[in-house]
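Everything on this sheet refers to the single structure shown next.
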Amino acid sequence: LFAPATTPHLQDSYRRLAGRPVDLGQLWYRGYRSAHDHTPEWRPLLRPYRGSVPHLSLQTVRAILETTDVDLEVFDLDDLWLGKSPRGSDFDVVGLSTTFICDAYTLGRTIQWIAARFPEATLVLGGQYSNLKYASILAAHPEVDYVVRGDAELVLPRLLAALERGLSVDDIPNLAARD
Numbered sequence: 123l124f125a126p127a128t129t130p131h132l133q134d135s136y137r138r139l140a141g142r143p144v145d146l147g148q149l150w151y152r153g154y155r156s157a158h159d160h161t162p163e164w165r166p167l168l169r170p171y172r173g174s175v176p177h178l179s180l181q182t183v184r185a186i187l188e189t190t191d192v193d194l195e196v197f198d199l200d201d202l203w204l205g206k207s208p209r210g211s212d213f214d215v216v217g218l219s220t221t222f223i224c225d226a227y228t229l230g231r232t233i234q235w236i237a238a239r240f241p242e243a244t245l246v247l248g249g250q251y252s253n254l255k256y257a258s259i260l261a262a263h264p265e266v267d268y269v270v271r272g273d274a275e276l277v278l279p280r281l282l283a284a285l286e287r288g289l290s291v292d293d294i295p296n297l298a299a300r301d
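Taking my numbering, the leading residue of the sequence shown gets 123, the next gets one more, and so forth.
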């Protein structure tokens, strides 16, 4: 929230909502030191931006794929908003975690960005938003080939192996595919 590229936008939004300037760094709440120590103390509501913090869902997918023979590059979505591009450009499959995407506009913008840069890649979505909205996403976005529904531990390695070998994906559970 405190990244130099996003802070002015957020400050403008908060200024409009509050009717006055709001210093995001000065938002505090009263909490406890720990679950066992109930000494009250003031804590900052938002942590200062110190670079990108990896999301748990991203690290989970990375750990799943690192147990397979899949070559992968992790590209943080924060980098997309800052205008950066992945190091590679020739990907067979691009996966998008929708865990922190919560609206159709952001999802559409992200899908367009991926499709423009990797038009030949198979696009696989997973995460909370696509898990709930998989049917409408597949209907609205022909660029999306598959949506992993639920946990990816079993589905994703099986999907990638089937795609690599040119096998059917019909028997892979919890996988929504384009008709």
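By construction, the Cβ of each residue, glycine as well, lies at the ideal position given by its N, Cα and C atoms.
Own chain partners of residue i with C-beta closer than 8 Å, once the 5 adjacent residues on each side are dropped
i, result
"isoleucine 294", "Val277, Arg280, Leu281, Ala284"
"glycine 230", "Ala262, His263"
"tyrosine 268", "Thr244, Leu245, Val246, Leu247, Leu281, Val291, Leu297, Ala298, Ala299, Arg300"
"glutamate 188", "Leu194"
Residues bridged to residue i [DSSP beta-bridge criterion]
i, result
"glycine 304", "This structure gives no information on residue 304, because the portion of the chain shown stretches from 123 to 301."
"leucine 297", "Val270"
Buried/exposed call for residue i, threshold 16 Cβ in 10 Å
i, result
"leucine 218", "buried"
"tyrosine 227", "exposed"
"serine 207", "exposed"
"leucine 254", "exposed"
"tyrosine 139", "Residue identity differs from the one stated: residue 139 is leucine in this sequence, not tyrosine. By the 10 Å Cβ count, leucine 139 comes out exposed."
"glycine 249", "buried"
"alanine 238", "exposed"
"alanine 185", "exposed"
"leucine 289", "exposed"
Cβ-based neighbour list, residue i, same chain, cut-off 7 Å, excluding 5 preceding and 5 following
i, result
"valine 215", "Ala243, Thr244, Val246, Leu282, Leu285"
"leucine 260", "Val266, Val269, Ala298, Arg300"
Opening and closing residue of the alpha helix (DSSP H) in which residue i lies
i, result
"glycine 230", "226-239"
"glutamate 275", "Segment: none, glutamate 275 is in no alpha helix (DSSP H) and carries neither H nor E."
Beta-carbon contacts of residue i that lie in its chain and below 6 Å, excluding the five residues immediately before and after
i, result
"serine 110", "Residue coverage of the chain in this structure runs from 123 to 301, which leaves residue 110 outside it and unanswerable."
"threonine 220", "Leu247, Gly249, Tyr251, Ser252"
"aspartate 273", "none"
"aspartate 212", "none"
Cβ-Cβ separation, residue j to residue i (assumed contact under 8 Å), whole Å
i, j, result
"arginine 271", "tyrosine 256", "6 Å"
"valine 192", "leucine 180", "Contact flag wrong, Cβ pair sits at about 15 Å."
"arginine 137", "valine 144", "6 Å"
"valine 266", "isoleucine 223", "13 Å between Cβ atoms; not a contact."
Any non-hydrogen atom of the ligand SAH closer than 7 Å to residue i Cβ
i, result
"histidine 160", "With respect to small molecules bound, the structure shown includes none, and the ligand SAH cannot be examined in it."
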